Amino acid sequence: MSPNGARWYIHEKDFGIVWIDAANDATTVKNTYLDYGSFLHGGTENGMLSMAFHPDYALNGFVYLFMVQSNGPTGMQSVIARFTESADGNSLIPSSREDILIYDQNYDIHNGGQIAFGNDGYLYAAFGDGGTQNDQQNNGQNLNTFDSTVIRIDVLNGSPYSIPPDNPFANGGGLPEIWAYGFRNPWHWSFDKATGNMWIGDVSQDTWEEVNWARKGLNYGWGCREGFVALAGSNCTSSDPFEDPAIAYSHASDGASVTGGYVYHGTEITGLQNVYVFGDWSNGKIWGMTEAASGTFEKTLLIDSAQAIATFGEANNGELYLMPFNFGAPSGIYKLEPVASQNGIIVQAEDYSDFFDTSPGNTGNAYRNDDVDLEATADSGGGFNVGWTAATEWLTYQVDIPTTGEYAIRVRVASNAGGGNYDLSIDAVSVLTNTVGNTGGWQSFITQSSTGTTCLSAGTHNMRLDFLEGDINVNWYQLEMTQQTNSCGGTQTPAEKYGTVCANCHGPDGSGGSVGVPINDPNTMVNVQNGDLVQLAQYIEANMPSGNVTGCDASCASAMAGYISGTLWTNPPNTTEVPGPRQLSLLTRYEFRNTLADLLGISVDEQAVSAFPAENKVHGFDNNAALNVITGRH
């Protein structure tokens, strides 16, 4: 994404770079940023691979590209080059190219794929082992080649670059550019923009895929091992200590080609903050990786997308995107979005945004490394719970509400002591205060609920849990919408009630019956013909909503009746015909539109009605205009 957030840039392997309007999710317009196809090598994993904006891009317009070009003694060269952007910002100037690094390649696989500037201002680039299988060129442990390494260079000083003085081999022992080594195919990696940590998805060979936390001077073992185990058939002679991957997953169960991602720092997906999100190209699975304990990582399946995930992208606001590679088939950019639980919005207790704790350190030594005490929970669904709580401690959460409405609030708690109590507030307004007795054990959780509902507008809200007395374990919070509203502090319009409240029971997925005017006698029909909706309004007031008939009073029922007639009838009733046996017989036939027009003189929008498939939903209700048996209740 561009530094100002206005554009997405897409690297087209055999073409160059295009950009699209990031503000228009529906756009299909590609704009050429650099047409470089005549220079690019079109091999399997070659072509245009990556780009990075100069730290002072806004002032100088410098953009760095990582690609494989058709040139050199083998016809393939990895290149890092700097280009200057045009004055209008719409393209790169081909003639402005200045080469930073050129490196000959022997094979068209495992040539790398990513460059980025670190928080230190240096440019990092990753290279694979150069191909093909079984580290054929013995590059994995060779410190005299760029293959199988992450390099770190200073492109802001020197010509074309200089060596950072703290590089591990700056004073000898290997190429001075090398920062870390022992990688097979680190084609996608990223920096955690909060911590600066580098996370690499390293595609392995036969058995294991790796996610590595890359650090200066460490050897990640390729050529000698795969995952945590020795590489079968390896001729490895290295005596160096190897750094274990953070995660290694098996080809037999989880996938065969890891695609590195990003640590999530967005706000839209509650509970995903600080989680490293990555995937697998071979099967489309997407996982979240967390540090369960110091130095111990675990992954959780987030999505089984069935997409061939070629890359992840990070927006400036921290939201994550992905793009599949479909071998020539049309593709697109997909955004990772929250999915509301069937039971509402679930906020995990361990995913707080701020806290106050009375004791130093994490007593449970799980999930996070601050002073809040966390432990693995035995409650259904797994995960972690907050424990060892004491009076005056508090936790805050940023909760994203997708839809304005009334919400029931619930908290999942446990105690082996009893007597603890808490207050839960949203935007500084208390929504649930309760005492937690002895639930039968620290892991014997119960759910406590608010006595009423709270109106929450769509957007981000600040939720805070205050422990008035301690000895309470907390697993999660639930916010379940019970009624959608137009706004907080107001009432629903008839249209909103019709589409959100009534349709819950009387739509095709509900258990309620028909809603309408009983036209089973001539007098009723005459009344309807004269625009009299009293009977319909009385019926709604007396019977709806089911189980809470006081929820829609006379004024509500009158508004609902008016909305139904105004929505379903394009003109008011205008006939004076007195219904007789012929018209009544039509009520048992498949002639709904004709019945309305002939019997009641109600003009129906024929064109709109004819476009509706039979039995589909309109405003949450069955569309019975095309074909239906009309009964005395319609």
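One rule links them: number in our numbering = place in the sequence shown (from 1) + 89. Glycine included, every Cβ here is placed at the ideal spot set by N, Cα and C. Just so it is clear, the structure is predicted and the values come from calculations on it, not from any experiment.
Assuming the contact rule is C-beta atoms closer than 8 Å, residue i and residue j should be a hit. Round their C-beta distance to whole Å, please.
i	j	result
residue 296	residue 339	7 Å
residue 376	residue 386	Rounded, the Cβ-Cβ distance is 11 Å, inconsistent with contact.
residue 140	residue 129	Not really, about 14 Å apart at Cβ, beyond 8 Å.
residue 263	residue 307	So it is not a contact: roughly 13 Å between Cβ atoms.
residue 349	residue 90	Not confirmed; about 17 Å, so no contact.
residue 488	residue 510	No, residue 488 and residue 510 are not in contact; Cβ-Cβ is about 22 Å, not under 8 Å.
residue 353	residue 361	5 Å
Return the CA-CA distance between residue i and residue j, expressed in angstroms with no decimal places.
i	j	result
residue 105	residue 216	20 Å
residue 379	residue 641	48 Å
residue 158	residue 574	58 Å
residue 147	residue 304	30 Å
residue 107	residue 551	40 Å
residue 244	residue 447	47 Å
residue 211	residue 466	42 Å
residue 539	residue 499	6 Å
residue 649	residue 625	9 Å
residue 111	residue 395	24 Å
residue 688	residue 571	Its pLDDT being 40, under 50, residue 688 is placed unreliably by the model, and nothing is read from it.
residue 427	residue 363	15 Å
residue 567	residue 449	29 Å
residue 504	residue 463	15 Å
residue 322	residue 223	8 Å
residue 280	residue 501	35 Å
residue 668	residue 646	Its pLDDT being 41, under 50, residue 668 is placed unreliably in this model, and the coordinates cannot settle the point.
residue 163	residue 123	25 Å
residue 198	residue 115	34 Å
residue 528	residue 507	8 Å
residue 181	residue 92	16 Å
residue 144	residue 119	26 Å
residue 495	residue 113	31 Å
residue 192	residue 569	57 Å
residue 299	residue 393	19 Å
residue 127	residue 415	23 Å
residue 515	residue 187	55 Å
residue 225	residue 272	14 Å
residue 536	residue 558	18 Å
residue 330	residue 267	17 Å
residue 444	residue 460	9 Å
Just grab the DSSP bridge partners of residue i for me.
i	result
residue 573	494
residue 314	319
residue 337	299
residue 537	500
residue 279	288
residue 268	None, per the DSSP bridge assignment.
residue 558	510
residue 436	566
residue 545	494
residue 552	486 and 515
residue 355	Paired residue(s): none; residue 355 is not in a bridge.
Buried or exposed for residue i, going by 16 or more other Cβ atoms inside 10 Å?
i	result
residue 269	buried
residue 201	buried
residue 413	buried
residue 246	exposed
residue 549	exposed
residue 425	buried
residue 313	buried
residue 236	buried
residue 175	exposed
residue 609	Confidence in residue 609 is poor, its pLDDT being 47 and thus under 50, which makes the residue's placement unreliable; the coordinate value appears in the next sentence. Per the 10 Å Cβ criterion, exposed.
residue 478	buried
residue 94	exposed
residue 194	buried
residue 184	exposed
residue 318	exposed
residue 678	Any reading at residue 678 needs caution, since the residue's pLDDT is 33, under 50, leaving its predicted position unreliable; the model's value is listed next. By the 10 Å Cβ count, residue 678 comes out exposed.
residue 242	buried
residue 400	buried
residue 556	buried
residue 547	exposed
Following a CB-centred definition, is residue i positioned closer than 8 Å to any heavy atom of the ligand FMN?
i	result
residue 128	Only the bare structure without any ligand can be found here, which leaves the ligand FMN out of the picture.
Minimum length 3: unbroken beta strand (DSSP E) runs contained in the segment 124-180: 136-142, 151-158 and 166-174, all fully within the segment 124-180.
Sequence ranges, beta strand (DSSP E) only - wholly within the segment 445-526, length at least 3: Every beta strand (DSSP E) stretch that sits fully inside the segment 445-526 and reaches 3 residues is listed by chain position as 463-465, 473-475, 483-490, 494-504, 509-515 and 518-525.
Whole beta strand (DSSP E) elements within the segment 183-258, 3-residue minimum: Taking only runs of at least 3 residues, the beta strand (DSSP E) segments lying wholly in the segment 183-258 are 203-206, 212-215 and 238-242.
Continuous beta strand (DSSP E) assignments of at least 3 residues falling wholly in the segment 363-425: Runs of the beta strand (DSSP E) inside the segment 363-425: 365-369, 374-382, 385-393, 398-403 and 409-413.
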